[in-house]
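**Q** First, the structure itself, so that you have it in front of you.
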Amino acid sequence: MFKNNKYPRAILLSTAVGAASMGLSLQAYADQYSDMAEKWVSEEFQDSTLTKEEQLKEMAWFTQAAEQFRGMEINVVSETLATHEYESNVLAEAFEDITGIKVNHNLIGEGDVIEKLQTQMQSGRNIFDGYINDSDLIGTHYRYGKVMPISDMIEGEAKDLTLPTLDLEDFIGLSFTTAPDGKVYQLPTQQFANLYWFRADWFERPELKEQFKELYGYDLGVPVNWSAYEDIAEFFTDHVKNLDGKRVYGHMDYGKKDPSLGWRFTDAWFSMAGGGDKGIPNGLPVDEWGVRVNECNPVGSSMSRGGATNAPAAVYATTKYVEWMNKYAPPEAPGLTFGEAGPVPAQGQIAQQIFWYTAFTASMTKEGLPVVNDDGTPKWRMAPSPRGPYWEEGMKLGYQDAGSWTFMKSTPKERRLAAWLYGQFTVAKTVSLKKTLVGLTPIRESDINSQQMTDAAPKLGGLVEFYRSPARVQWTPTGTNIPDYPKLAQLWWQYIAQAASGEATPQEALDGLAEAQDKVMMRLERASVMDQCGPKLNEPRDPSYWLAQDGAPKPKMANEKPQGETVVYEELLKTWEQAQ
Amino acid sequence: MKQNTKGKAFGITAYIVILMLPIYWLLNMSFKTTEETLGKMTFFPENFTFANYATIFSDPSWFMGYINSMTYVGMNMVITLVVALPAAYAFSRYKFVGDKHLFFWLLSNRMAPPAVFLLPFFQLYSSIGLFDTHVAVALAHCLFNVPLAVWILEGFISGVPKEYDEMAYIDGYSFPKFFLKIFIPMIRSGIGVAAFFAFMFSWVELLLARTLTSVDAQPIGAIMTRTVSASGIDWGVLAAAGCLTILPGVLVVWFVRNHVATGFALGRV
Numbered sequence: 069m070f071k072n073n074k075y076p077r078a079i080l081l082s083t084a085v086g087a088a089s090m091g092l093s094l095q096a097y098a099d100q101y102s103d104m105a106e107k108w109v110s111e112e113f114q115d116s117t118l119t120k121e122e123q124l125k126e127m128a129w130f131t132q133a134a135e136q137f138r139g140m141e142i143n144v145v146s147e148t149l150a151t152h153e154y155e156s157n158v159l160a161e162a163f164e165d166i167t168g169i170k171v172n173h174n175l176i177g178e179g180d181v182i183e184k185l186q187t188q189m190q191s192g193r194n195i196f197d198g199y200i201n202d203s204d205l206i207g208t209h210y211r212y213g214k215v216m217p218i219s220d221m222i223e224g225e226a227k228d229l230t231l232p233t234l235d236l237e238d239f240i241g242l243s244f245t246t247a248p249d250g251k252v253y254q255l256p257t258q259q260f261a262n263l264y265w266f267r268a269d270w271f272e273r274p275e276l277k278e279q280f281k282e283l284y285g286y287d288l289g290v291p292v293n294w295s296a297y298e299d300i301a302e303f304f305t306d307h308v309k310n311l312d313g314k315r316v317y318g319h320m321d322y323g324k325k326d327p328s329l330g331w332r333f334t335d336a337w338f339s340m341a342g343g344g345d346k347g348i349p350n351g352l353p354v355d356e357w358g359v360r361v362n363e364c365n366p367v368g369s370s371m372s373r374g375g376a377t378n379a380p381a382a383v384y385a386t387t388k389y390v391e392w393m394n395k396y397a398p399p400e401a402p403g404l405t406f407g408e409a410g411p412v413p414a415q416g417q418i419a420q421q422i423f424w425y426t427a428f429t430a431s432m433t434k435e436g437l438p439v440v441n442d443d444g445t446p447k448w449r450m451a452p453s454p455r456g457p458y459w460e461e462g463m464k465l466g467y468q469d470a471g472s473w474t475f476m477k478s479t480p481k482e483r484r485l486a487a488w489l490y491g492q493f494t495v496a497k498t499v500s501l502k503k504t505l506v507g508l509t510p511i512r513e514s515d516i517n518s519q520q521m522t523d524a525a526p527k528l529g530g531l532v533e534f535y536r537s538p539a540r541v542q543w544t545p546t547g548t549n550i551p552d553y554p555k556l557a558q559l560w561w562q563y564i565a566q567a568a569s570g571e572a573t574p575q576e577a578l579d580g581l582a583e584a585q586d587k588v589m590m591r592l593e594r595a596s597v598m599d600q601c602g603p604k605l606n607e608p609r610d611p612s613y614w615l616a617q618d619g620a621p622k623p624k625m626a627n628e629k630p631q632g633e634t635v636v637y638e639e640l641l642k643t644w645e646q647a648q
Numbered sequence: 006m007k008q009n010t011k012g013k014a015f016g017i018t019a020y021i022v023i024l025m026l027p028i029y030w031l032l033n034m035s036f037k038t039t040e041e042t043l044g045k046m047t048f049f050p051e052n053f054t055f056a057n058y059a060t061i062f063s064d065p066s067w068f069m070g071y072i073n074s075m076t077y078v079g080m081n082m083v084i085t086l087v088v089a090l091p092a093a094y095a096f097s098r099y100k101f102v103g104d105k106h107l108f109f110w111l112l113s114n115r116m117a118p119p120a121v122f123l124l125p126f127f128q129l130y131s132s133i134g135l136f137d138t139h140v141a142v143a144l145a146h147c148l149f150n151v152p153l154a155v156w157i158l159e160g161f162i163s164g165v166p167k168e169y170d171e172m173a174y175i176d177g178y179s180f181p182k183f184f185l186k187i188f189i190p191m192i193r194s195g196i197g198v199a200a201f202f203a204f205m206f207s208w209v210e211l212l213l214a215r216t217l218t219s220v221d222a223q224p225i226g227a228i229m230t231r232t233v234s235a236s237g238i239d240w241g242v243l244a245a246a247g248c249l250t251i252l253p254g255v256l257v258v259w260f261v262r263n264h265v266a267t268g269f270a271l272g273r274v
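Protein chains in written order, with the working numbering: chain A, 69 to 648; chain B, 6 to 274.
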């Protein structure tokens, strides 16, 4: 009797004590996380488009949403860029402090990221819980059905784990990651463009301006078309030759037989010449790779199947690439790879470069470089790329890289959701402006229009002005026509190298490339490995049938070198301002 | 006669200079800033800097790559020897049905390119939870190292007369005692050479090592790829990382320097 009474009381008491201490420790936890949020917001994320209260509210949401995942450790992977280094070194730590989820944000070469991604796609085994993968693979992802669309997550399993202030509309690259089915598959976290780069200080020199006008009959300025680019290249390489005691060149490029030679072309070189059809972000039905789709099914890339990979515009673009490199670039250019050629303009011998990635902005504004003034402002500017004779209004005009969060269906749900939280954290308005200022790869409209970006603009050589301009939308990644980016992209460098080395004519090289692409697509068709919109190749027929129709492939123009046209850089900026 | 020696000395010097030049260049680059590497040709660093090495030694995600690589290479060497020693002894001392064929088949494993085994290994290790562990890579490398080690050790063991085994038996040694106390010391140079070849393969093999790992056992070779990006190549850090990968190899070569030639002849000298 006596004993019986005692037990329940003891149990009650211990339960009460336990509950109280648990409540206390929960309280302590909450305090610990909010203290950390306070610390990070006031010490690291001072630059933000949100007020401090709004930032803290956002962080509190993360703490609360991550409660069920506390103590978990997840692995994500990305290529190496200043932006991703910031994510890996700073944001991952902040995220752990604020949510209790440990993130290993692994940095490896881009090729290795793709390899890991492909291994996971093909084997169905989880390797990483989240990938930062270029949106060039959008066509691949929505066809194979291995990637969990962001839209589905937001409406389904991650309904309660989607940041209320994520503001998808604010992302400038959302159209790149949206498939024809209307779903958003990836979430952009980093973007950079491929633009025209030139030495604004040289272009301003009166004696050079005068000499140019005398020779070519129009003003030296930012070239609007390829004719003007060619004239300016010739002007500096063959007429100016030496400037301030240094040999100078009017063009820079690279041509070594190396995988990086493929990017030189798949990153939209044909679109600049005017290959492909009208349409933003990518031409339809024929895109800038020259791949035609019917509805959403790729039907061919050879002209004989309605494609434009070996069409006159593509041949023209390739011919000019080879010709300019041999005639106007420094003699070592044909033997260089992308990585070797990239830093060359910073050494002060190059007057202009038609194909230049804004990812180089930070490394070209370092003090002490020959292309930087004493006050730290650059002597160079970036401007929209000139267009080739086949280009028409309404087409894309260059490339933009949009590294985007990508989550796989084969990742266990809990890990995928935790990675989704981290992904959102790296693009949340609390941190994204700071991240943009560090890495110079803007993703949000609100960041681009912020006062901080205005303040940084003078040192960035036109980056901010470009991203604020209405022209920006013409720079886009590879689109949804490409059914398997890794398999098709790797064909390019081998064929382009034949043209670059003179082993084959541009026409022969592109015929080979178009045929190789068709073969890969044929194999994909036969294997029917794609969930939706897989290739269904057209029967080959005489190319004249397709050339006679509107749009790409376009017939060869009689005059591929119209009158050169230039514009004064300041005028260009003014028209952008007015358009805003 | 004297002329001849002079000519010889010159030839050897030129040979060594040409061989060492790339390594000197790597070392030279590792002490330069990337700007200097790209900016001009300098035979000695103008702005001597340890910054590249500091980057590697201050960042766990960098230096853990070395520790990971050394861990699985060490494991692999131990497993290889433990497995190959008894096997080589058996091939040398006993006759059994198909011993010759089995011996040759072992070596033929070595002839298949690692890529062939990539997907089977990946599938297998993922299923049994070994993916991204050191032991996974060590075991995978055994496929190539065990046959080679068996071949090398068999040559050395056959060089030891069978009478030693019998004498030890008569003297009252048990087999394990004989094997450990008498036999192994007699073929220790062979063991050194076998270990060296296991090291050589495992240390530079990248394909299997990087496919079977993601974060926890990532080899240094995979981490080095991060110096290449869309905004250029970080030459300084890449060169520093390259120099550091040479060091363990130099150490191992130092220890087995007197035995390597015998090893190449698989002990049959």
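Glycine included, each C-beta is placed from N, C-alpha and C at the ideal position.
1) Ends of the alpha helix (DSSP H) at R211 (chain A)?
2) Quick check on the DSSP output: what are the complete beta strand (DSSP E) runs of length 3 or more inside the segment 195-264 of chain A, in order along the chain?
3) Report yes if the C-beta distance between T257 (chain A) and I176 (chain A) is below 9 Å; otherwise report no.
4) Give a yes or no on whether 9 Å exceeds the smallest Cβ distance from P256 (chain A) to chain B.
5) G207 (chain A) and N549 (chain A) - do their beta-carbons sit closer together than 9 Å?
6) Inspect the beta-carbon positions of G301 (chain A) and Q420 (chain A) and report whether they are closer than 9 Å.
7) So what does DSSP say about T629 (chain A), is it helix, strand or coil?
8) If you draw a straight line from the C-alpha of R594 (chain A) to the C-alpha of Q254 (chain A), how long is it?
9) If contacts are defined as beta-carbon pairs under 8 Å, then L158 (chain B) and A199 (chain B) qualify, I think. What distance do you get, rounded to the angstrom?
10) Let's see if you can read the secondary structure: which residues bound the beta strand (DSSP E) around N81 (chain B)?
11) Within a Cβ cutoff of 6 Å, which residues of the same chain sit near A173 (chain B), ignoring the five residues on either side of it in sequence?
12) Nearest chain A C-beta to F96 (chain B) closer than 9 Å, yes or no?
13) Less than 7 Å between C-beta atoms, sequence neighbours within five positions excluded: which residues of the same chain meet that for I422 (chain A)?
14) Is F260 (chain B) buried or exposed, if buried means 16 or more other CB atoms sit within 10 Å of its CB?
15) Residues in its own chain within less than 6 Å of I222 (chain A) by CB, not counting five upstream and five downstream?
16) Is it a yes or a no for the segment 35-50 of chain B touching the segment 201-212 of chain B, going by three-plus beta-carbon pairs under 8 Å?
17) Taking the C-alpha atoms as reference points, what is the distance between E638 (chain A) and Q646 (chain A)?
18) Give the list of continuous beta strand (DSSP E) stretches no shorter than 3 residues that lie fully inside the segment 174-235 of chain B.
19) If the criterion is Cβ atoms closer than 9 Å, does the pair F428 (chain A) and S236 (chain B) meet it?
20) Under 8 Å Cβ-Cβ, which residues of chain A neighbour F127 (chain B)?
21) What residue does the alpha helix (DSSP H) around N441 (chain A) start on, and which one ends it?
22) Along chain B, which residues have their Cβ under 8 Å away from the Cβ of Y322 (chain A)?
23) Does the distance from the CB of E356 (chain A) to the CB of N365 (chain A) come in under 9 Å?
24) Kindly say whether L43 (chain B), judged by its beta-carbon, lies nearer than 9 Å to any beta-carbon of chain A.
25) Hey, could you find the ends of the alpha helix (DSSP H) W392 (chain A) is sitting in?
26) Assign M371 (chain A) to one of three DSSP states: helix, strand, or coil.
27) What are the start and end residues of the beta strand (DSSP E) that includes M676 (chain A)?
28) Go through its chain and collect everything with a Cβ distance to T245 (chain A)'s Cβ below 8 Å, but skip five positions before and after it.
29) In this structure, how does DSSP classify P611 (chain A) when only helix, strand and coil are distinguished?
30) From the DSSP output, in three-state form, read off H106 (chain B) for me.
31) Taking the DSSP output, what are the residues bridged to K314 (chain A)?
32) Indicate whether D238 (chain A) and S514 (chain A) have their beta-carbon atoms separated by less than 9 Å.
33) Any idea what DSSP makes of T474 (chain A), helix, strand or coil?
34) By the criterion of Cβ-Cβ separation under 9 Å, what are the contact partners of T216 (chain B) in chain A?
35) Can you give me the start and stop residues for the alpha helix (DSSP H) that Q660 (chain A) sits inside?
36) Anything in the segment 138-152 of chain A with a Cβ closer than 9 Å to a Cβ of chain B? List those residues in chain order, please.
**A** Concretely, from the data shown:
1) 206-212
2) 198-202
3) no
4) no
5) yes
6) As written in the sequence, residue 301 (chain A) is Ala, which differs from the Gly given in the question. It is a contact, given that the beta carbons lie within the stated cut-off.
7) Residue identity differs from the one stated: residue 629 (chain A) is Lys in this sequence, not Thr. Coil.
8) 28 Å
9) 5 Å
10) Note, N81 (chain B): premise wrong, no beta strand (DSSP E); alpha helix (DSSP H) at 65-98.
11) F183, I187
12) no
13) Y264, Y297, S453, P454
14) exposed
15) T230
16) no
17) 13 Å
18) none
19) yes
20) T187, S191, R193
21) Looking at the DSSP string, N441 (chain A) is not in any alpha helix (DSSP H), and its letter there is neither H nor E.
22) Residues of chain B passing the Cβ test: none, with the nearest at roughly 12 Å.
23) no
24) yes
25) 380-396
26) helix
27) No statement about residue 676 (chain A) is possible, as the shown extent of chain A runs from 69 to 648 and does not include it.
28) S203, I206, I218, V252, Y253, Q254, L255, P256, A470, S472
29) helix
30) helix
31) A:L311
32) yes
33) strand
34) E183, K184, T187
35) Shown here, chain A extends from 69 to 648; a query on residue 660 (chain A) therefore has no answer.
36) N143, V145, E147, T148, L149, A150, H152
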